[in-house]
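*Asks:*
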Amino acid sequence: MAPSPPLSAGIGKAGLDRRKLRENVRAAPRTRTDPPMKIHEYQGKQLFKAHGVPVLRGIACTTADQAEAAAITLGSPVVVVKSQIHAGGRGKGTVFADEAMTTKVMDGGVKVVKSPAEAKEVAGKLLGNYLKTIQTGDGCKQVRTIYVEDGCRIAKELYFSILLDRAASLPVAIISSEGGMDIEEVAAHTPEKIRRFHFDPHQGIVDAQARRAGFELGLTPVQVAAFVKTTKALADCFLKTDADMLEVNPLVVTADDQVVALDSKMSFDDNALFRHPDIAAMVDPNEEDPAELEAKKHDMAFVKLSGNIGCLVNGAGLAMATVDAIALYGSEYGAFPANFLDVGGGATAEKVTTAFKLILKDPSVEAILVNIFGGIMKCDTIANGVLTAVKEVGLDRPLVVRLEGTNVELGKRLIAESGLAVIAADDLRDGCAKAAKAAADFRASRGLAPRPALPAPAPIAFIPPPRPAPVKRGRGRPPKVRAEGEPEPAPKRRGRPPKVRAEGEPEPAPKRRGRPPKVRAEGEPEPAPKRRGRPPKVRAEGEPEPAPKRRGRPPKVRAEGEPEPAPKRRGRPPKAAAAT
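Numbered per this note's numbering, the sequence shown spans residues 1147 to 1726.
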């Protein structure tokens, strides 16, 4: 799910501009589950250049003649012709003449050429044909644009990317010294060569982080200085464009120790595109699914999947639960969701009609499951939208409906009175099972082989089994198991064992702690006991004892007949009463 716009929007040098922040929040669309928007390599390099990232010169072309003219304009002895599709692994891909991939044209969607004529020849083999890569899945993508770029002398290929780590709520930079076309093999077999570090989105990548990463990649001090400049500019581009992915493979070190972005792959948070109309204008409709584009026009979240059960749900959370439930409860029949479709909590009947039409346009859909919980969205609104769509385009596939919430009885009555062959479901589990069974019957009615059953889904989290109750044991080693009849050993005594004495040998006197008493000669008197403190003063005969010391100030000696002073009273003296 794409995150909401960051709260840093509208922060100026003097502090937080609250008025601008409120405007940004009001203008931001609701969080949706749309896939991120992608752009082509040549478009990404335009953004790179605007943020100070070193890139090579290049020209985008849509015809072979334009490619030849671009090679002449660049004037380099070596240029690179690159196919432009929304997928990685183009250099190791395969070009086919048809979408069914029956006629192979050549290997590789990125070619190094040494003349304008050769650039035109390669462009003719790429444009209009279909490129299959490791990231296009079972299908392929048609090449409609190519990018003709300067060549360069490469000394070292690196890998660099920035992603959003949603667990840490921070952007994370991923680097590797093994960049190039085999980065997937590096990730699979030598993952220790891939390093990562998080950075503060308010500061970007700081110099210390970039320098440390450069030295970890084995760069020289001169190369590290260029690496610091380039990576900081890439992080700045990532943050200021509200991207959720930036990848450069390869990020090359040239023969003159410069660090240049030789590739560009970016995707953006759809919820932030209202702040970047220039980036929103870069969307290529030919690279997007037509159904997804239609859904975006009506502010709906639609993602095409590879299954056979069409889903119409309100609310992203319920839609995700429905997708999971179909795969779980329909696994016996090989059922899998054909789409993710969230019409939103406040959808109108017109929006529901559009959503239902999108599902019916998909030929892979063999049954439709409508799962609605009426809160803000009322069940009768859903029923009216479904009935309107069916009247306009017809219904040739099974329809399973599960309704709960506001106006549920009215919605069920509208569908029941419509005369449609609707399968009612009691709950989500029942609806998923019935949709899977209806899809299997639909395939059988058309003479199609049943879909293979899906494997049991992996557990979401590992739940350890309960631990057995611990066995209470004494301290130290467990008791030794003895053979039958083996005598018990004598109990061990702590300390040194007693000495065995010869017969008649006397017992030794008990030891006394401290210094032994002094042996005195016969008639020697005992010494006087010691007294603590200062000894008393020996006074001469007739000398009087001194007066005892009194604490505090001594009393005042008064003259004869002098009266004693009145005693002092604490507090304020009483007020004298007035004469009556």
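Just so it is clear, CB atoms sit at the ideal spot from N, CA and C, and this is done for glycine as well.
1. By Cβ distance, which residues of its chain are closer than 7 Å to residue 1239, with the 5 residues on each side in sequence left out?
2. For residue 1728, name the three-state secondary structure that DSSP assigns.
3. Would you grab the beta carbon distance between residue 1578 and residue 1475 for me? Rounded to a whole angstrom, and I think it's under 8 Å.
4. For residue 1567, does the three-state DSSP call read helix, strand or coil?
5. Contact between the region 1374–1394 and the region 1416–1426: three or more CB pairs below 8 Å?
6. Have a look at residue 1406 and residue 1532 and give me their C-alpha separation to the nearest angstrom.
7. Please tell me whether residue 1320 and residue 1340 are closer than 8 Å, where the distance is taken between their beta carbons.
8. Can you give the Cα-Cα distance for residue 1381 and residue 1451, rounded to whole angstroms?
9. Is residue 1349 near the ligand SAM, with its Cβ less than 7 Å from a heavy atom?
10. Does the contact criterion of 3 or more C-beta pairs under 8 Å hold for the region 1438–1454 versus the region 1210–1217?
11. Which residues share a DSSP beta bridge with residue 1343?
12. Residue 1532 lies in the alpha helix (DSSP H); which residues open and close that run?
13. Which residues bound the beta strand (DSSP E) around residue 1276?
14. Which residues does DSSP pair with residue 1206 in a beta bridge?
15. Hey, out of 1286, 1229, 1248, 1311, whose CA is closest to residue 1273's CA?
16. In angstroms, rounded to a whole number, what distance separates the CA positions of residue 1290 and residue 1542?
17. Going along the chain, which residues of its own chain have a beta-carbon closer than 7 Å to the beta-carbon of residue 1431, five neighbours each way excluded?
18. Should the region 1496–1512 be called in touch with the region 1433–1447, which here means at least 3 C-beta pairs below 8 Å?
19. In its own chain, which residues sit with a C-beta less than 7 Å from the C-beta of residue 1140, not counting the 5 before and 5 after it?
20. Looking at the structure shown, is residue 1446 part of a helix, part of a strand, or coil, going by DSSP?
21. Grab the span of the alpha helix (DSSP H) containing residue 1373 for me, first residue to last.
22. Hey, how far is the Cα of residue 1481 from the Cα of residue 1301?
23. Applying the criterion that 16 or more other CB atoms from any shown protein chain within 10 Å of the CB defines a buried residue, is residue 1093 buried or exposed?
24. Looking only at C-alpha atoms, which of 1262, 1269, 1284, 1257 sits nearest to residue 1246?
25. Just verifying my parser: in three-state terms, what is the DSSP assignment at residue 1311?
26. Closest to residue 1349 by C-alpha separation, out of 1379, 1495, 1655, 1434, would be which residue?
27. By DSSP's criteria, residue 1428 is part of a beta bridge. Which residues make up the other side?
28. Whole angstroms is fine: what's the gap from residue 1627's alpha carbon to residue 1633's?
29. Give me the DSSP bridge partner(s) of residue 1684.
30. Using the three-state DSSP reduction, which class does residue 1229 fall into: helix, strand or coil?
31. In the structure shown, what three-state DSSP assignment does residue 1158 receive?
32. When the Cα of residue 1347 is compared with those of 1360, 1314, 1332, which residue comes out closest?
33. Kindly indicate which three-state DSSP category residue 1551 falls into: helix, strand or coil?
34. Hey, quick one: how far does the beta strand (DSSP E) through residue 1407 stretch, first residue to last?
35. May I ask you to report which of helix, strand or coil DSSP gives residue 1303?
36. Could you spell out the range, first to last residue, of the alpha helix (DSSP H) harbouring residue 1513?
*Replies:* Put simply:
1. Closer than 7 Å at Cβ, skipping near neighbours: 1254, 1255, 1277, 1278, 1279.
2. A question about residue 1728 goes unanswered here, because the residues of the chain that appear run from 1147 up to 1726.
3. That belief holds up - the Cβ atoms of residue 1578 and residue 1475 are roughly 4 Å apart, short of 8 Å.
4. Three-state DSSP puts residue 1567 in coil, outside helix and strand.
5. These segments touch.
6. The straight-line gap from Cα to Cα measures roughly 54 Å.
7. Yes. Within cutoff.
8. The alpha-carbon of residue 1381 is positioned some 32 Å away from that of residue 1451.
9. The ligand SAM is not part of the structure shown, which contains no ligands of any sort.
10. Look at the beta carbons and you see the region 1438–1454 not touching the region 1210–1217: under three pairs across the two are nearer than 8 Å.
11. DSSP output for residue 1343 lists 1319 as bridge partner(s).
12. Membership of residue 1532 in the alpha helix (DSSP H) is indicated by the continuous run 1525–1539.
13. Counting along the chain, residue 1276 sits inside the beta strand (DSSP E) bounded by residues 1276–1278.
14. According to DSSP, residue 1206 shares a beta bridge with 1293.
15. For residue 1273, the nearest C-alpha among the options comes from 1229.
16. So the alpha carbons of these two residues sit roughly 36 Å apart.
17. If the five residues before and after residue 1431 are omitted, its C-beta is found closer than 7 Å to the C-beta atoms of 1439, all from its own chain and listed in chain order.
18. Yes, they touch.
19. Residue 1140 cannot be examined here, being either before or after the span of the chain that is shown, 1147 to 1726.
20. DSSP places residue 1446 in coil when its eight states are reduced to three.
21. Residue 1373 -> alpha helix (DSSP H) spans 1367–1386.
22. CA-CA distance, residue 1481 to residue 1301, rounds to 51 Å.
23. This structure leaves residue 1093 out entirely; the chain is present only between 1147 and 1726.
24. Among 1262, 1269, 1284, 1257, the Cα nearest to that of residue 1246 belongs to 1284.
25. It is a strand residue.
26. Out of 1379, 1495, 1655, 1434, 1379 has the C-alpha closest to the C-alpha of residue 1349.
27. Beta-bridge pairing links residue 1428 to no other residue.
28. Put simply, the backbone Cα of residue 1627 is about 12 Å away from that of residue 1633.
29. In DSSP, residue 1684 forms no bridge with anything.
30. Residue state, collapsed to three classes: strand.
31. Bear in mind that the predicted position of residue 1158 carries a pLDDT of just 37, short of 50, making it too unreliable to give a figure here.
32. Ranking 1360, 1314, 1332 by Cα distance to residue 1347 puts 1314 first.
33. Note: residue 1551 maps to strand in three-state DSSP.
34. Going by DSSP, residue 1407 is part of the beta strand (DSSP E) stretching over 1405–1407.
35. Strand, per DSSP.
36. DSSP places residue 1513 outside any alpha helix (DSSP H); the residue lies instead in the beta strand (DSSP E), whose first and last residues are 1513–1520.
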